[in-house]
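Visitor: Before I ask anything, let me first share the structure, which is written out below as structure tokens.
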Amino acid sequence: MGEILTYTLLQRLDSLEKVFRANLQLANTLRNYISRKLEELRKREGSDFSLKIMDFCGTHEWTIVHFGLRSLMPKGIELVAGPGCPVCVTPSYYIEQAIRLSLEGITIYTYGDTFKLPAINPVDGVSSLEEARARGGRVKLALSLMDAIRDAKATGKDSLFLGIGFETVAPGYARALVADMLPPNLKLLSLVKLTPPAMFYSLDILRDKPTDAPVMGVIAPGHVSTVTGAKAWVPVAEHFGIPVVVSGFEPIDVLSSIAEIMRQLVNREASVKIEYTRAVTWQGDLKTQAMIHRAFEVADDAWRGIGFIPLSGLRIREKYSKNDAREAYGIRELTPAEWKKDTPPGCRCAEVTLGKAKPTDCPMFMKKCTPEKPYGPCMVSIEGTCAVWARFGGGGLAQEIAAELEQI
């Protein structure tokens, strides 16, 4: 999954930069609009009023960092990253179980960005699937569940697919289960996580333990919303009384979404809007939603470093239990009583994931923890906030664009 995203981002990078540079006038107009709206808010709320806007998608965070959108914000508006990386929040327990099974001869199919994900409790001295393969464990990289299905059919070996992801991967898994596509020797370990409950949890945490400025708006994930529809975010807007804008992934998309959030705040509105109209509808993909519901049931789920979030995971229904790795390989469900903090000592990934800290606040960032040798889970995946900041943060293109905008 990480390799696909990395390739896609790099493949689109040149065209994205050209489009953004060609629209610098529009970017500057949006920046000025955002600044004006902040001044209007300050006239009403006080001259020192400031706010945070939170994103919940690794690709949005990549756009914000790579194109230097934080530096374009007026002082008083802070863009913060929320839970946007499914690999980063996969509990260590399941990685440990996968390591154990691989060393016992079970083939583990995994996405590339899970390959280096560190386990908190080594299994026979092995701390990741990468290390397991080096020690003779059966670990194979797969681009999708279909890849694993083809290979498992060809080899006939007992195997397990690590089904990590948010709502965007659930349709493929659901179709495979409903259509009975998995061969008898391949089992699926569903570790799919749901974004709306995580959004609620994060915003509750930040509200219960206020930081310097409140989160006053949300940039909702575009890809997830193609499945769920924009309607999924209505409870967030209503409960917290803040604007939620479903955004596309290009820099102008994100700036436009921030501008809409600021417009709503000035007008005392708190509604869900779709900026990403070229891909997202209000209802979403109803057929796909029905397929997911047919294959999976919603369950309380553990998030790495964070704990249990109610109704935030998908588990395979009893009807398709013959395909469930939990039953086939005795992988117990974690319970809240058993769950323990599963980030390494000194790592602040949990706080980074919840938007309570920035990667640069962590003493391990770019010291003991680097993309080449990740110490914490947020540095492993290209969608992880720490990995995005490490690979694309600061200097380069961001400074060039900021300089060009200053000349307009």
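Numbering (the numbering used here), first residue to last: 1280 to 1687.
Heads up, the beta-carbon is just placed ideally off N, CA and C, and yes, glycines get one too.
Under the DSSP definition of a beta bridge, which residues are partnered with I1587?
Guide: Per the sequence presented here, residue 1587 reads as Phe, with Ile not at that position. For F1587, which the question treats as bridged, DSSP gives the partners A1581.
Visitor: Apply the 10 Å Cβ neighbour rule to Q1304 and answer buried if 16 or more other Cβ atoms are within range, or exposed otherwise.
Guide: Its Cβ having fewer than 16 others within 10 Å, Q1304 is exposed.
Visitor: Using a Cβ-Cβ cut-off of 7 Å (strictly less than) and excluding sequence neighbours within five positions of G1508, which residues of its own chain qualify?
Guide: Excluding residues within five positions, the ones whose Cβ falls inside 7 Å are T1560, W1561, Q1562 and G1563.
Visitor: Is it the case that the segment 1393-1404 contacts the segment 1446-1457, given that we only count it when at least three CB pairs across the two stretches are under 8 Å?
Guide: Cβ pair count under 8 Å is below three, so no.
Visitor: Quick check: the Cα distance between A1411 and T1639, rounded to an integer number of angstroms?
Guide: Distance between the alpha carbons of A1411 and T1639: 31 Å.
Visitor: Taking the alpha-carbon of V1418 as reference, which of V1448, L1382 and G1444 has the nearest alpha-carbon?
Guide: V1418 has its Cα closest to that of L1382, out of V1448, L1382 and G1444.
Visitor: Could you check whether the segment 1362-1374 touches the segment 1655-1668, counting it as contact only if at least three pairs of C-beta atoms, one from each stretch, sit closer than 8 Å?
Guide: Taking 8 Å as the limit for Cβ pairs, the verdict is that the segment 1655-1668 does touch the segment 1362-1374.
Visitor: Please report how far the alpha carbon of R1429 lies from the alpha carbon of G1384, in whole angstroms.
Guide: Taking the straight line from one Cα to the other gives about 19 Å.
Visitor: Using the beta-carbon count (16 or more within 10 Å), is S1481 buried or exposed?
Guide: Classification for S1481: buried.
Visitor: Among K1619, K1331 and A1477, which one has its Cα closest to the Cα of I1588?
Guide: Taking only the C-alpha atoms, the option nearest I1588 is A1477.
Visitor: Kindly indicate the opening and closing residues of the alpha helix (DSSP H) around M1425.
Guide: Here the alpha helix (DSSP H) through M1425 covers L1424 to T1434.
Visitor: Can you tell which of M1333, K1472 and T1308 has the C-alpha that lies nearest to the C-alpha of F1575?
Guide: Ranking M1333, K1472 and T1308 by Cα distance to F1575 puts K1472 first.
Visitor: When you compare the segment 1543-1557 with the segment 1494-1514, are there three or more beta-carbon pairs, one atom per stretch, that lie closer than 8 Å?
Guide: At 8 Å Cβ cutoff, the stretches touch.
Visitor: Leaving aside the five residues before and after R1627 along the sequence, list all residues of the same chain whose C-beta is less than 7 Å from its C-beta, in chain order.
Guide: Here the set comprises A1636, D1640 and C1641.
Visitor: Could you tell me the distance, in whole angstroms, from the CA atom of M1690 to the CA atom of M1460?
Guide: Here the chain has residues from 1280 to 1687 only, and residue 1690 is not among them.
Visitor: According to DSSP, simplified to helix, strand and coil, what is V1368?
Guide: Three-state result, V1368: coil.
Visitor: Express the C-alpha separation of R1605 and S1314 in angstroms, rounding to a whole number.
Guide: So the alpha carbons of these two residues sit roughly 52 Å apart.
Visitor: Straight-line CA distance for T1567 to T1474?
Guide: Whole-angstrom Cα-Cα distance: 16 Å.
Visitor: Straight-line CA distance for G1347 to R1310?
Guide: The alpha-carbon atoms of G1347 and R1310 are separated by roughly 12 Å.
Visitor: Could you give the first and the last residue of the continuous alpha helix (DSSP H) run that contains G1442?
Guide: Segment S1438 to G1444 is the beta strand (DSSP E) holding G1442; no alpha helix (DSSP H) there.
Visitor: Quick one: measure Cβ to Cβ for I1332 and I1498, integer angstroms, because I've assumed they're closer than 8 Å.
Guide: That pair is a contact at about 6 Å.
Visitor: Does G1496 come out as helix, strand or coil in the three-state DSSP assignment?
Guide: In this structure, G1496 counts as strand in the three-state DSSP scheme.
Visitor: Quick check: is the beta carbon of H1518 nearer than 8 Å to any beta carbon in chain B?
Guide: The displayed structure is made up of one protein chain only, and chain B is not part of it.
Visitor: When you compare only the Cα positions, how much space is there between F1445 and S1591?
Guide: Cα to Cα, the separation comes out at about 10 Å.
Visitor: Note the first and the last residue of the continuous beta strand (DSSP E) segment covering E1334.
Guide: For the sequence presented, residue 1334 should be read as Asp rather than Glu. First-last of the beta strand (DSSP E) with D1334: L1330 to D1334.
Visitor: Could you tell me the boundaries of the beta strand (DSSP E) in which Y1555 lies?
Guide: From DSSP, Y1555 is part of no beta strand (DSSP E); its letter is neither H nor E.
Visitor: Just to confirm, are D1603 and L1439 a CB contact at a threshold of 8 Å?
Guide: In this structure, L1439 does not lie closer than 8 Å to D1603 by Cβ.
Visitor: Among all the DSSP beta bridges, which residues are the ones paired with T1639?
Guide: Bridge partners of T1639: none, in fact.
Visitor: What does the alpha-carbon distance come out to for the pair P1462 and E1651?
Guide: Going from the Cα of P1462 to the Cα of E1651 covers about 36 Å.
Visitor: Contact between the segment 1535-1551 and the segment 1315-1325: three or more CB pairs below 8 Å?
Guide: Judged by Cβ distances under 8 Å, the segment 1535-1551 makes contact with the segment 1315-1325, as three or more pairs qualify.
Visitor: Tell me whether F1671 sits in a helix, a strand or coil according to DSSP, three-state version.
Guide: F1671 falls in the helix class under three-state DSSP.
Visitor: Kindly list the residues whose CB is nearer than 6 Å to the CB of H1502, restricted to its own chain and excluding five residues on each side of it in sequence; keep chain order.
Guide: Excluding residues within five positions, the ones whose Cβ falls inside 6 Å are T1447.
Visitor: In the DSSP assignment, what residue or residues form a beta bridge with T1389?
Guide: Answer by DSSP bridge pairing, in chain order: L1420.
Visitor: Cβ of L1441 within 8 Å of Cβ of T1505?
Guide: No, the pair does not count as a contact, with Cβ atoms beyond the cut-off.
Visitor: Helix, strand or coil, according to DSSP, for E1318 in the structure here?
Guide: Correct three-state label for E1318: helix.
Visitor: Can you name, in chain order, every residue of its own chain whose Cβ lies under 6 Å from the Cβ of C1364, other than the five neighbours on each side?
Guide: Counting only Cβ-Cβ distances below 6 Å, and skipping sequence neighbours, we find G1337, S1660, E1662 and G1663.
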